[in-house]
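The structure appears below as structure tokens.
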Amino acid sequence: MTTKWPSLYNIGDSQLSKKNKDQDNIVAFQDPKFAEIKQIKTNKYNGCFSSYRKEYCMASEPISFSEIKSYRKEYCMATEPVSFSEIKQYISRQIKNDNRKIQSIFSDYEFLGSILIKDYFQEHPNKRKALAQNVAKHITSVNLVLEVLDWGTSRKIREGFDATVMLLAECGNVIISSLSSLARRGLGCEVLVTDLMIICSNHVRATSPDNKDLLVLEEKWEILIKSIACSSKISPQKRFDAIIKLIPNSNRRLIKTGIIDALLIMEDEIDIQSIKSQLEYFLSDSEHDEYVKEYAKEAMEDM
Amino acid sequence: MLPTLEDFGVPTPAYIRKIGATTHWQQEDCNSQQERAEKAAARIFKDGINSLYLVKSDQDFYATIVAISANRNPKDQNFDFIWITEEELKEIGISFELVIEGACLHSQKIHFNASIDTNAACKLCENIMSKNREAKRCKRKDTKEILNHLERLGCKAIVSKSPSCECQHL
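Here you go:
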């Protein structure tokens, strides 16, 4: 299902763990300063990195790969008592001494995207809109799209629904191309559909933990569908095609009404008859949910 | 013609809670009111702080829509919501306080932060559902009209550099 990303702090730990296994970096671990860095690196987020985040978010163009690498290294190693210049010198010294570079277990782009996504959702709802466009530039993989959905469906995030739709809608083609590429690999979109079907076929009830999974999955689908409909960066026809492809597989009320809402969102951009013909599907006898039928009927009348 | 609270059957005063979609209030496969309330609560309320807007007039309602729409993209979407009375919040023991939030000067005066946990959210939803209250939808075209109306007034949530805003005096 969705990829669970480690938290910022876990990322640091993972990297330390990896380095620990790597005999090439043994020198770094023997240095007492390194232990100090590990101990207090939990301060890094509130400290030095907040300034980086601002730089990333305010940047008019995506940051170059070399810049990311540079920032990431500083970020991973930065601590309160050690100044940046000291850290730079320290890293340089280690690299020079070992004649090796510190390796990352994550792609730099995903690492940065993951940080920015977390920042975005932890911001006050009123401040997210200003960040969305620039954060979206860094959401370049399916993993990150799924991570956005994880955040957006968390019960801890205020106004997560609208925030997620707004962010994913800014990602533009990445959403559809991600879904397409995942579908080819048998993941992503199809995985969500499959999971949903499995859970539904298990006849789970509200009291079982699995039912919570079902609710979350439904919510993710609903958000994805709406995000695609809202994305002004994808051509209307491409959005329309992506959404109507989901109709035959939709077997849950929330997803069906989500599709109906999505079609209505596009009513100014897509030929009305094309939308109506899709809505007909939910008005036919094959639709057994009276609520959905009524919903589609009302949508049809509104057009 | 701008929609009114009366059109939505919302009595005043009432607290407005914006929801993702009216379907969140009408979840499927529910064997009991309690189950329906649990599912709805999980979608409508977050653990912790939740925004509520106190509406006593149509202008309050418009300010609510503009304040929330300012954090949406596109702004002119369906605006789905439920309404709750002060008594209903107090019955469950939900605490709430006036907190200035958002760019709309009018909405700043009617925005409340309510502290709601999972248990309280379920109880609140179950209580409201037992009164057969339905979720409401301010349709996209109506949302658009409201936003256009407030833009003409110079609402700072829409026109960020607006020199003055009439809506605060309404």
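These protein sequences, in sequence, are chains A and B. If you count by my numbering, then the first sequence holds residues 101 to 403, one letter each, in order. If you count by my numbering, then the second sequence holds residues 12 to 181, one letter each, in order. We put the beta carbon where it would ideally sit given N, CA and C, even for glycine.
Residue i - containing beta strand (DSSP E), residue span
i: B:His122; result: His122 to Ile127
i: B:Asn61; result: Gly59 to Val66
i: B:Asp91; result: Phe90 to Ile95
i: A:Ile360; result: Careful: A:Ile360 lies outside any beta strand (DSSP E), inside the alpha helix (DSSP H) at Arg353 to Ile365.
i: B:Ile27; result: Ala25 to Ile30
i: B:Ser106; result: Ser106 to Leu109
The alpha helix (DSSP H) enclosing residue i, as first and last residue numbers
i: B:Arg9; result: No statement about residue 9 of chain B is possible, as the shown extent of chain B runs from 12 to 181 and does not include it.
i: A:Asn226; result: Pro225 to Lys237
i: B:Cys41; result: Run containing B:Cys41: none; DSSP gives neither H nor E here.
i: B:Ala74; result: Asp69 to Ser80
i: B:Leu161; result: Arg151 to Leu164
i: A:Glu247; result: Val242 to Gly252
i: A:Gly260; result: Gly260 to Cys271
i: B:Ser118; result: Leu116 to Gln119
i: A:Ile257; result: Taken as a continuous stretch (DSSP letters only), A:Ile257 belongs to no alpha helix (DSSP H), as it is neither H nor E.
i: A:Arg339; result: Pro336 to Ile344
i: A:Lys393; result: Glu390 to Asp402
i: A:Lys376; result: Ile372 to Leu383
i: A:Glu369; result: Here A:Glu369 belongs to no alpha helix (DSSP H), and DSSP marks it neither H nor E.
i: A:Glu387; result: First-last for A:Glu387: undefined, no H or E at that position.
Residue i and residue j closer than 8 Å at C-beta
i: B:His35; j: B:Arg54; result: yes
i: A:Ile372; j: A:Met403; result: yes
i: B:Asn124; j: B:Glu99; result: no
i: B:Leu65; j: B:Pro22; result: no
i: B:Ala168; j: B:Ala52; result: no
i: B:Lys50; j: B:Cys41; result: yes
i: A:Ile215; j: A:Val245; result: no
i: A:Glu78; j: A:Asn243; result: Since the first residue shown for chain A is 101 and the last is 403, residue 78 of chain A is missing from the structure and cannot be characterised.
i: A:Glu270; j: A:Ala232; result: yes
i: A:Glu394; j: A:Leu354; result: no
i: B:Ile157; j: B:Tyr73; result: yes
i: A:Lys333; j: A:Gly252; result: no
i: B:Arg144; j: B:Thr33; result: no
i: A:Ile217; j: A:Val248; result: yes
i: B:Cys131; j: B:Phe92; result: The sequence given here places Ala at residue 131 of chain B; Cys does not occur at that position. No, the pair does not count as a contact, with Cβ atoms beyond the cut-off.
i: B:Asp71; j: B:Ile121; result: yes
i: B:Leu63; j: B:Ile103; result: no
Alpha carbon of residue i to alpha carbon of residue j, nearest angstrom
i: A:Ile477; j: A:Lys326; result: Nothing can be reported for residue 477 of chain A: it is not among the residues displayed for chain A, which extend from 101 to 403.
i: B:Trp94; j: B:Met12; result: 22 Å
i: B:Asp58; j: B:Thr15; result: 31 Å
i: A:Leu212; j: A:Gln337; result: 32 Å
i: A:Glu259; j: B:Ser126; result: 14 Å
i: B:Gly31; j: A:Asp262; result: 7 Å
i: A:Glu180; j: A:Ala230; result: Note on A:Glu180: pLDDT 36, under 50, position unreliable in the model; no value is reported.
i: A:Arg172; j: B:Gln37; result: Since pLDDT at A:Arg172 reaches only 44, below the 50 mark, its modelled position is unreliable, and no value is offered.
i: A:Ala396; j: A:Met366; result: 15 Å
i: A:Ala236; j: B:Gln119; result: 29 Å
i: A:Asn226; j: A:Glu390; result: 38 Å
i: A:Lys356; j: B:Ser175; result: 44 Å
i: A:Leu268; j: B:Glu17; result: 35 Å
i: B:Ser173; j: A:Thr240; result: 36 Å
i: A:Asn351; j: A:Phe382; result: 11 Å
i: A:Ile315; j: A:Arg255; result: It is Leu, not Ile, that sits at residue 315 of chain A in the sequence shown. In a straight line, the C-alpha of A:Leu315 is about 12 Å away from that of A:Arg255.
i: B:Asp128; j: A:Phe221; result: 20 Å
i: A:Ser384; j: B:Val170; result: 45 Å
i: B:Glu177; j: B:Asn159; result: 14 Å
i: B:Gly20; j: A:His238; result: 44 Å
i: A:Ser377; j: B:Lys101; result: 48 Å
i: A:Leu363; j: A:Ile375; result: 6 Å
i: A:Ile370; j: A:Ser331; result: 14 Å
i: A:Arg339; j: B:Met140; result: 36 Å
i: B:Glu39; j: A:Arg228; result: 32 Å
i: A:Leu282; j: B:Glu97; result: Model confidence at A:Leu282 stands at a pLDDT of 43, short of 50, so the residue's coordinates are unreliable and nothing is read from them.
i: B:Gln44; j: B:Arg83; result: 31 Å
i: B:Asp60; j: A:His224; result: A small fix is needed here, since residue 60 of chain B is Ile in this sequence, not Asp. One C-alpha to the other measures close to 11 Å.
i: A:Ile187; j: A:Ile343; result: Residue confidence is low: A:Ile187 scores 41 on pLDDT, short of 50, so the model does not pin down where it sits. Its coordinate-derived value is still stated next. Approximately 50 Å between the Cα atoms of the pair.
### Query
Of the residues that make up the stretch 220 to 241 of chain A, which ones have a beta carbon closer than 8 Å to any beta carbon in chain B?
Pro225, Asn226, Arg228, Lys229 and Ala232
### Inter-stretch contact (C-beta, 8 Å, three-pair minimum) for the stretch 72 to 83 of chain B and the stretch 107 to 119 of chain B
yes
### Task
Anything in the stretch 67 to 85 of chain B with a Cβ closer than 7 Å to a Cβ of chain A? List those residues in chain order, please.
Asn82, Arg83, Asn84 and Pro85
### Query
Counting pairs of beta carbons, one from the stretch 83 to 91 of chain B and one from the stretch 148 to 167 of chain B, are three or more of them closer than 8 Å?
yes
### Task
Taking only beta carbons into account, state which residues of the stretch 346 to 364 of chain A come closer than 8 Å to chain B, listed in chain order.
Arg352, Arg353, Leu354, Thr357, Gly358, Asp361 and Leu364
### Message
Please identify, using Cβ separations under 8 Å, the residues of the stretch 250 to 277 of chain A that lie next to chain B, in order along the chain.
### Response
Arg255, Lys256, Ile257, Arg258, Glu259, Gly260, Phe261, Asp262, Ala263, Val265, Met266, Ala269 and Glu270
#### Entry: the stretch 366 to 391 of chain A: positions lying closer than 9 Å to chain B by Cβ
Glu367, Asp389 and Tyr391
### Query
Using a Cβ cut-off of 7 Å, which residues of the stretch 17 to 37 of chain B contact any Cβ in chain A, in chain order?
Gly31, Ala32, Thr34 and Gln37
### Task
Quick one: which residues of the stretch 109 to 120 of chain B get their C-beta closer than 8 Å to a C-beta of chain A? List them in chain order.
Glu112, Gly113 and Ala114
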